[in-house]
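Those letters in the sequence shown? Residues 507 to 673, by my numbering.
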Amino acid sequence: MMRVGLPTGVRFVAAEADDARLISCLRQRVWSETYRGIYPDSAIDDFDYKTHEARDIARIEDPAFRVYVIYDGAAPVGYLYFADRGRVHVQSLYLIKTCRRRGIGSAAFEMIRRYCRGKGYRTFTCNCNAHNSPALAFYAKMGGRETGRDVGHENMQEDQIGLEFDV
């Protein structure tokens, strides 16, 4: 497996409860940049920051979750979180559009793989919106194998593809 280093100036910082608002703001921005035409406009335009912030605080405080804010220098550019409940499931890896295709996602996957190796896990999983072609291409590049497909919903936001990755 290829070793990936962090691009210069990029760092993953373990999130604290005070970061929940920042994570929610990053989520809304990434949804606007990525999911317009896939998610209902109301999910983006009427984004409920308080609800998302409460969920993010719950994840940050849950010992089963690892939550990171991704910085490029001093600027927050994305976030990553995954759950470990006897098996790692990546729930979000979001980067603002200007920071994609710079090796940050690959570095995130290397960090997840290191974590999994330390736990003795052989694989980890994630889901991806079935209409997010750039993310699906990234996951394929990372070695993702499709494990399931739940598509055809009236709301395209609900269409998901399950993926599994070797450590």
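Here a beta-carbon is modelled for each residue, glycine too, at the ideal position from N, C-alpha and C.
The structure displayed is predicted, hence computed values, not measured ones.
Check, Outcome
"Straight-line Cα distance separating A560 from A570", "17 angstroms"
"Any non-hydrogen atom of the ligand ATP within 7 angstroms of T604 CB", "In terms of ligand content, the structure shown is empty, and the ligand ATP therefore cannot be addressed."
"Beta carbon of V575 nearer than 8 angstroms to that of I566", "no"
"Integer Cβ distance of V536 from I602, believed to fall under 8 angstroms", "6 angstroms"
"Cutoff 7 angstroms; reference I563; Cβ partners in own chain excluding five residues on either side", "A523, A526"
"Segment contact, 8 angstroms Cβ cut-off, at least three pairs: the region 649-656 with the region 581-589", "no"
"For M507, three-class secondary structure by DSSP", "For M507, the pLDDT reaches just 42, beneath the cut-off of 50, and the residue's location in the model is therefore unreliable, although a value from the coordinates is still provided. Residue state, collapsed to three classes: coil."
"Inter-residue Cα distance where the pair is A589 and G515", "26 angstroms"
"E522, DSSP secondary structure in three states", "coil"
"Alpha carbon of R455 to alpha carbon of M617, nearest angstrom", "A query on residue 455 cannot be resolved here, the shown segment of the chain reaching from 507 to 673 and no further."
"C-beta atoms of F615 and M648 nearer than 8 angstroms", "yes"
"F674 versus S548 - alpha carbon distance", "The shown model of the chain, from 507 to 673, leaves out residue 674, and the question about it has no answer."
"Start and end residues, alpha helix (DSSP H) containing A564", "555-567"
"Reduced DSSP secondary structure (H/G/I, E/B, other) of D547", "helix"
"Distance, G624 Cα to S639 Cα", "31 angstroms"
"Cβ-based burial, L669 [other Cβ within 10 Å; buried from 16]", "buried"
"Beta-bridge partners of L586, as assigned by DSSP", "Y574, L599"
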